[in-house]
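Enquirer:
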Amino acid sequence: MLGEKNIQDCLQKEIFENLSILPSNINLSGAEIELIGVEEKEYLLRNALKEVKNDYDFVIIDCPPSLNMLTINSMCAGDTVLVPIQCEYYALEGLSQLMHTIDLVKDRLNPELEMEGVVFTMYDARTNLSLQVVENVKSNLNQKVYKSIIPRNVRLAEAPSYGLPITKYDARSTGAESYRLLAEEVIHRGEEDW
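So the sequence shown is residues 1 to 194, counted in the working numbering.
(1) Write down the C-beta distance between Leu113 and Val119 rounded to the nearest angstrom, noting that I regard them as a contact closer than 8 Å.
(2) Compute the distance between the beta-carbons of Ser24 and Lys13, then report whether it is under 7 Å.
(3) With a threshold of 8 Å on Cβ separation, who are the neighbours of Val154 within its own chain once the five nearest residues in sequence on each side are excluded?
(4) In terms of DSSP beta bridges, what is Gln86 paired with?
(5) Just tell me which of Pro160, Arg189 and Glu116 has its CA closest to the CA of Leu82.
(6) One question on the structure: do Tyr169 and Ala183 come within less than 7 Å of each other, judged by their Cβ atoms?
(7) Give me, in chain order, the residues of the same chain whose beta-carbon lies closer than 6 Å to that of Cys87; leave out the 5 immediate sequence neighbours on both sides.
(8) Determine, using beta carbons only, whether Cys76 and Arg46 come nearer to each other than 7 Å.
(9) Classify Asn110: buried if its beta carbon has 16 or more other beta carbons within 10 angstroms, exposed otherwise.
(10) What does DSSP give as the partner residues of Val81 in its beta bridges?
(11) How should Ser173 be labelled, buried or exposed, when 16 other C-beta atoms within 10 angstroms of its C-beta is the threshold for buried?
(12) Round the Cβ separation of Ile61 and Gly78 to the nearest angstrom and send it over; I've been treating them as touching at under 8 Å.
(13) Using CA coordinates, which residue listed in Gly3, Leu95, Gly175 and Thr167 is at the minimum distance from Val137?
(14) If you run the structure through DSSP and keep just helix, strand and coil, what is Ser20?
Here you go:
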């Protein structure tokens with residue numbers, strides 16, 4: 001994003017079958033300051049991805065929960081936004097702020113941007129709070145809510161510490177199965193018979 005390397009130099013191809021990644025590191029945290037004064041800084045990621053975008057069926061950009069210039073870059077580069085919502089007390093408040101930001105980006109920077117939908121994460125069926133958050137968001141949100149719900153799962157929490165996706169760390173876990181179902185839903189979005 002800072003022009004120090006070409007996207008091809010950073011791309012790690014076929015980490016797993018049909019999966020390439022463009023990793024970041026801790027140095028990206030300083031990019032916000034380094035981008036001050038850069039012209040069209042909102043479009044840096046979009047411009048970089050143009051070179052490789054057509055080589056892939058899906059390009060997924062994983063963003064931190066903060067709303068900063070890197071998140072804005074991701075929204076300018078993307079076609080849709082899929083919002084994970086933790087089943088926690090302040091979920092709806094954070095979601096409304098994010099929805100406002102998405103609307104601003106759509107109005108001013110990327111008119112093609114669409115809200116993909118919402119997926120619930122860290123769902124714990126043993127608590128009333130998780131159920132209340134799901135019901136509250138569904139009743140207050142005029143957006144697609146995915147049927148697949150990602151449960152709170154020890155194996156999901158462990159996988160990153162081993163540097164593995166859940167499908168490689170424990171493919172038979174509840175978390176892995178939930179993410180497979182979500183992927184199917186995303187792939188088949190808009191199909192009536194799905």
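Beta carbons: idealized from backbone N, C-alpha and C, even for Gly.
Expert: In brief:
(1) Here residue 113 corresponds to residue number 113 of the sequence shown, with the count starting at 1. Here residue 119 corresponds to residue number 119 of the sequence shown, with the count starting at 1. Contact flag wrong, Cβ pair sits at about 18 Å.
(2) The residue you call residue 24 lines up with position 24 of the sequence shown. The residue you call residue 13 lines up with position 13 of the sequence shown. Taking the C-beta atoms as reference points, Lys13 is found no nearer than 7 Å to Ser24.
(3) If you number the sequence shown from 1, residue 154 lands on position 154. Correct list: empty, nothing qualifies.
(4) The residue given as residue 86 occupies position 86 in the sequence shown. DSSP output for Gln86 lists Thr121 as bridge partner(s).
(5) Along the sequence shown, one-based indexing puts residue 82 at 82. Ranking Pro160, Arg189 and Glu116 by CA distance to the CA of Leu82 puts Glu116 first.
(6) Counting from one through the sequence shown, the residue named residue 169 turns up at place 169. Counting from one through the sequence shown, the residue named residue 183 turns up at place 183. Contact flag unset, no.
(7) Here residue 87 refers to the residue found at position 87 when the sequence shown is read from its first residue. Within the same chain, Cys87 has close Cβ partners Phe120, Met122, Tyr123, Ser130 and Val133.
(8) Residue mapping note: residue 76 aligns to position 76 of the sequence shown, counting from 1. Residue mapping note: residue 46 aligns to position 46 of the sequence shown, counting from 1. Yes, Cβ-Cβ distance for Cys76 and Arg46 is below 7 Å.
(9) In the sequence shown, residue 110 corresponds to position 110, counting from 1. Buried.
(10) The count along the sequence shown starts at 1 and reaches residue 81 at position 81. Val81 is bridged to Met115.
(11) By one-based count along the sequence shown, residue 173 stands at place 173. Label assigned to Ser173: buried.
(12) On the sequence shown, position 61 is the one that residue 61 refers to. On the sequence shown, position 78 is the one that residue 78 refers to. Contact between Ile61 and Gly78 holds: their C-beta atoms lie close to 6 Å from each other, under 8 Å.
(13) One-based indexing of the sequence shown puts residue 137 at position 137. Nearest C-alpha to Val137: Leu95.
(14) If you number the sequence shown from 1, residue 20 lands on position 20. Reduced to three states, the DSSP call for Ser20 is strand.
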